[in-house]
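Worksheet: one structure, shown below.
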Amino acid sequence: MNDTLAGWLQILALVGALALTYRPLGDHIAHTLTSAKHLRVERFAYRLGGVDGDADQKWSVYLRSVLAFSAVSVLFLYAFMRLQSHLLLSIGMPAVTPGVSFNTAASFVTNTNWQSYSGESTMGHLVQMSGLAVQNFVSAAVGIAVVAALIRGFTRRKTDRVGNFWVDLTRIVVRVLLPLAFVFAIVLVAGGAVQNFHGVDSISTLIGDHQSLTGGPVASQEVIKELGTNGGGFYNANSAHPFENPNAFTNWLEIYLLLVIATSLPRTFGRMVGDNRQGYAIIAVMGVIWAASVAIVTVNELHSVSSQAGHVAGGMMEGKEQRFGIWGSALFAVSTTLTSTGAVNSFHDSYSPIGGGMTIFNMMLGEIAPGGTGSGLYGILILAIIAVFVAGLMVGRTPEYLGKKLGGREMKFASLYILTTPAIVLVGAGLAMALPGERAGMLNTGAHGFSEVLYAFTSAANNNGSAFAGLTVNTDWYNTALGLAMLFGRFLPIVFVLALAGSLARQQPVPATAGTLPTHRPQFVGLLTAVILIVVGLTYFPALALGPLAEGLS
Amino acid sequence: MSLTTLEPPASPGGAPTEPQQPHRVSGGMLDPKQLLTSLPDAVKKLDPRVMIKNPVMFVVEVGAVLTTLSAIKDPSVFAWVITVWLWLTVVFANLSEAVAEGRGKAQAETLRRTKTHTVARRLTDWRPGATSPREEEAAASDLRLGDHVVVEAGQIIPGDGDVVEGVASVDESAITGESAPVIRESGGDRSAVTGGTKVLSDRIVVRITSKPGETFIDRMIALVEGAARQKTPNEIALNILLASLTIVFLLAVVTLQPFAIYAGAEQSIVILAALVVALIPTTIGGLLSAIGIAGMDRLVQRNVLAMSGRAVEAAGDVNTLLLDKTGTITFGNRQASEFLPVKGTTAAELANAAQLSSLADETPEGRSVVVLAKERYGLRERHEGELGHAEFVPFTAQTRMSGVDVDGRQVRKGAASAVTAWVAANGGRADEEVQSLVDRISQSGGTPLVVAAKEDGTARVLGVIHLKDVVKHGMRERFDELRRMGIRTVMITGDNPLTAKAIADEAGVDDFLAEATPEDKMALIKREQAGGKLVAMTGDGTNDAPALAQADVGVAMNTGTSAAKEAGNMVDLDSDPTKLIEIVEIGKQLLITRGALTTFSIANDVAKYFAIIPAMFAIAYPGLDKLNIMQLHSPASAITSAIIFNALIIVVLIPLALRGVRYRPSSASSLLTRNIWVYGLGGLVLPFAGIKVIDLIIQFIPGLS
């Protein structure tokens, strides 16, 4: 089978599998978020935490719960890493440095999973399993919980309650993430990923060198790394490492896993608002952007080859694994940067300028196509609100989305949301470029070096977590700056989303008439796609021009 | 055909009314001279304390200050050209507002002239029925709530109030522009008088209902001048979005400098300021307040006073229109629509008899019989003189018939029971056929008038005239339009349900409320609002006041009581209930104009990037010159062209902002499609052409090439 055919088959099988999952998984999540019944294990958890599972919270209380839970998680994770040498299963790893501990704690709690360390030489098994992997589950659940509150803002009327965070969190972990992770971990093991409690094995290579190989509970962590759009690898090489991602099948499966929840959530949305067409419109926008991005990256990796070696390899093969090839790598790179996953199976730094630039642009879109678990949907819904606002004015009515009016208050929160991430990215990158010491961290010079810095802040602020590689980020300045970028990039938008949810829930819905802007037609899909591209494009065009564009057009 | 042709509104603003245009909503044209006369005002608005209210233009002004300082320090042709055009950008934006306000000011001047210092004749101890109350002179400005004043022919009414005694004809042209005098009388729904209007005949006693300085004319002046203007909810929401876009672009440009320094292409303050101004949404930011003022102004030109901009916006959002049947949907009086002869009589005979019996009947119903006979059967109207010794029998409440005795023939027409009895008394018999015709007409909501004649000693029924409430022409089309816009129409009438249904069906309204009491009306409004709908209605009576206050858009008729005018949030000076539909359209047009120009403004940025980014960085990274797709002459000319385009487009769009974008009632989907093509795609493409053309011209300026 030639590469092109294999590539097309991978893409078609992926789209087909996601289409098959769309309805059942979306409906299941909707049911999970709306059902009145508690499972026994959940009731036990509520009793343990002293939570009344039937009491709904105001948006402000919901927000406080999210923030309190996340703050405790950061502190716990930080302490865990600092104390690791005293704990079980540390496989001889020393305490993690304060800078890396803060950065990593912020990174895993924010669902970013930026790693300024290499996993196999820094973290013991206990920290990996009960620290980082736990955050892989709950940080993903937090995203879904927040979008659940936003959807309730649309569906509820004249109330100040948007749901119960503790119930949402527990249910998403128990009913959605754990069962899926369990099943697919076994599939990954069957596919060849490792799963053991070995320490560091020293082996002799064929040419007589010694190599240290760390084993560990890899498959169980790998599955939630993708499923929860986390991306923090057990190994430094992440999904390029053969223990994490041994072959083309596991590669395809990992891409499927990192897309599956985020692509099913529009169904959950449509289901909860009582109009599945609304969900189809959102998934259509996500699909169009994803498909365009896959096309651009794949074509550029295949054809923008300048070196002789490249022609021999059949494309930009530097930094890519032979077992995945151009197609499997490009598909992974696009999916991981469009979902806030940040796992990598190839080095984006070595991509063609336009291909690599696309991975940056994907993240700049705000992780919305389909985005992170939950965060992707709330991100695109905020952009939908902006699109509805402008378009709604053009049809001569106070703009309304799903029956809720978009007045000053709603626009304030939506505007703050779209303002936050670009502000963090641009200010962060601006500072890094203005400080001579930090600039020196670049591996490359010229436009490509700038792309590395831009990529780092884009990745952190958008909670993606993938790295362009090349930039030395394990310094106190980068650990702190990127840690803060991740925290602000995650929680400020959540504040605005929940405030918006509260403001929407209070409203009495307006009945739809012929004068209402329809938000389920192809017209709206086109409009929303255009608004996303123009708003993001205009914001980042100057920065992109000095990085990937300067390089790509020369 | 549009209804505006039936009763063309008088326009004190001098705007020509355009009857029968498919797009009814339009404003006055912009007189280019206004741009010049408003220039001083525009310059006055450069005061930063005024500018800060408009965050987008404030940023431009700050940019202009920075480039000015920079140009003074490092003078160059380029720096000065950019500086001048940045200042012009701010001035042009202010100009749009000043022009919009200027039109209002002219109207306010006219109104102020009516506010002469009237001396009021205050009655200190007036009571109902008092014969000779004590009278004293007082300045109009000293009148308090509840004072009574007497006004006689030739005098100016000193303040707003209700007539409590007497009846007079009043010239209200100062306010309505309508020269025909109106009757104002105590009691009923025609009792309100407005300060500044003139009594033409008779004497009335008026109870003052407004405080000094808060009279109708005062409010009107404040409204048209824009002094009372507050930002409307939509405007606030849009301002928030524009402010946040401004911040995003500001950040994008400020952080660009470290990137640029790294790339070895440090940028001057002048270029960075130019880039910010080019990117932030100056087009909509500059025109936003003018759009709002002009929207109010368009209402004023239609003789509608909105008490707040909020009400105008709400009008665009209305889901349900409550329309009074009488005067709005129908002409308000029953008219003959058909002659239905019984067997043995021809329609022409019936028409002839009916016409005869109605010759002396001066009621609208009677006139309509004559008209119908003439139109349908060519029966020439005969004059009483022609008929020699005709004796007319007038209508009385007892006989409930009228008719004529001529040449030994007696013709009668009237209520079915009365005429049947008359026929029976004169030896005839009304058979079942008559009864079935009568029933059929009643069931269709009409009123039957039976016509009978007595010849040769025996009376017999000739047939039945079908009288019905005639729906104004074109209403059905109008309601269809409203339905396409997603607006439901509900007809309010005091008629019985049968009649109401017949008229509702004929007019094509969506629903009706029959035998409506003010309480029913109120309940209907509340029910609609509970479902999240916005309701608009018109009213004039005191008993309409609670409903007017409850409705989201309550349009009080100027002829109505002051209670109604107080309760509503708009007053229609022409007292034309049909205008509600136009008000809705103006409200929609206002929002569409804002949305369209926002889209246009944002879409413009794409072209500006393609002009400015290569100009800034093509030296450091020659590959970026590929982005210079317009092939602009030089970096300096490219940036200058973008800035000049950015400034000029504001001036070019001032007429559009004042007039409002073209609006044709249709569904949201088709409106959006059209506006996206025109303003979205247009906004994307036009600046490429505009910037290129400007570049072709300015490349010859020394220092820019």
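Protein chains in written order, with my numbering: chain A, 40 to 593; chain B, 1025 to 1729.
Even for Gly, the Cβ is constructed at its ideal location relative to N, Cα and C.
Bear in mind the structure is a predicted one, so any value in this text is a computation, not a measurement.
Between the alpha carbons of residue i and residue j, how many angstroms are there, rounded?
| i | j | result |
| --- | --- | --- |
| residue 216 of chain A | residue 266 of chain A | 8 Å |
| residue 45 of chain A | residue 361 of chain A | 14 Å |
| residue 1175 of chain B | residue 1121 of chain B | 41 Å |
| residue 467 of chain A | residue 441 of chain A | 36 Å |
| residue 1300 of chain B | residue 1277 of chain B | 6 Å |
| residue 546 of chain A | residue 417 of chain A | 19 Å |
| residue 337 of chain A | residue 278 of chain A | 19 Å |
| residue 1239 of chain B | residue 1486 of chain B | 59 Å |
| residue 373 of chain A | residue 1305 of chain B | 32 Å |
| residue 565 of chain A | residue 435 of chain A | 20 Å |
| residue 1665 of chain B | residue 1715 of chain B | 5 Å |
| residue 1731 of chain B | residue 1484 of chain B | No answer is possible for residue 1731 of chain B: the residues shown for chain B start at 1025 and end at 1729. |
| residue 1473 of chain B | residue 1491 of chain B | 7 Å |
| residue 87 of chain A | residue 109 of chain A | 18 Å |
| residue 493 of chain A | residue 1107 of chain B | 32 Å |
Are the CB atoms of residue i and residue j nearer to each other than 8 Å?
| i | j | result |
| --- | --- | --- |
| residue 305 of chain A | residue 294 of chain A | no |
| residue 439 of chain A | residue 431 of chain A | yes |
| residue 1424 of chain B | residue 1448 of chain B | no |
| residue 78 of chain A | residue 222 of chain A | no |
| residue 1114 of chain B | residue 1084 of chain B | yes |
| residue 1342 of chain B | residue 1579 of chain B | no |
| residue 270 of chain A | residue 413 of chain A | no |
| residue 1535 of chain B | residue 1514 of chain B | yes |
| residue 231 of chain A | residue 289 of chain A | yes |
Between residue i and chain A, is the shortest Cβ-Cβ distance under 8 Å, so that the two count as touching?
| i | result |
| --- | --- |
| residue 1279 of chain B | yes |
| residue 1712 of chain B | no |
| residue 1650 of chain B | yes |
| residue 1249 of chain B | no |
Taking only beta-carbon atoms, is residue i less than 8 Å away from chain B?
| i | result |
| --- | --- |
| residue 197 of chain A | no |
| residue 478 of chain A | yes |
| residue 435 of chain A | yes |
| residue 44 of chain A | no |
| residue 454 of chain A | yes |
| residue 585 of chain A | yes |
On the three-state DSSP scale, how would you describe residue i?
| i | result |
| --- | --- |
| residue 218 of chain A | helix |
| residue 1331 of chain B | coil |
| residue 1357 of chain B | strand |
| residue 342 of chain A | helix |
| residue 1703 of chain B | helix |
| residue 194 of chain A | helix |
| residue 1345 of chain B | strand |
| residue 207 of chain A | helix |
| residue 261 of chain A | helix |
| residue 1069 of chain B | coil |
Contact residues within the region 547-560 of chain A, judged by C-beta distance below 9 Å to chain B: 547, 548, 549, 550, 551, 552, 553, 554, 555, 556, 557 and 560
Members of the region 1674-1703 of chain B that neighbour chain A once the beta carbon cut-off is set at 8 Å: 1687, 1691, 1692, 1693, 1695, 1696, 1697, 1699, 1700 and 1703
Residues in the region 459-471 of chain A having any Cβ partner in chain B nearer than 7 Å: 461, 462, 465, 466, 468 and 469
The region 1280-1300 of chain B: positions lying closer than 9 Å to chain A by Cβ: 1280, 1281, 1282, 1283, 1284, 1285, 1286, 1287, 1289 and 1299
Members of the region 358-378 of chain A near chain B, C-beta cut-off 7 Å: none
Near-chain B residues of the region 486-500 of chain A (beta-carbon distance less than 7 Å), N- to C-terminal order: 486 and 489
Under 7 Å (Cβ pairs) to chain A, residues found in the region 1552-1579 of chain B: 1555, 1556 and 1557
Contact list for the region 1609-1635 of chain B against chain A, Cβ threshold 9 Å: 1609, 1611, 1612, 1613, 1614, 1615, 1616, 1617, 1618, 1619, 1620, 1622, 1623, 1626, 1627, 1629, 1630 and 1633
Where the region 1515-1536 of chain B meets chain A: residues whose CB sits under 7 Å from a CB there: none
Interface residues of the region 409-429 of chain A facing chain B [CB-CB below 8 Å]: 425, 428 and 429
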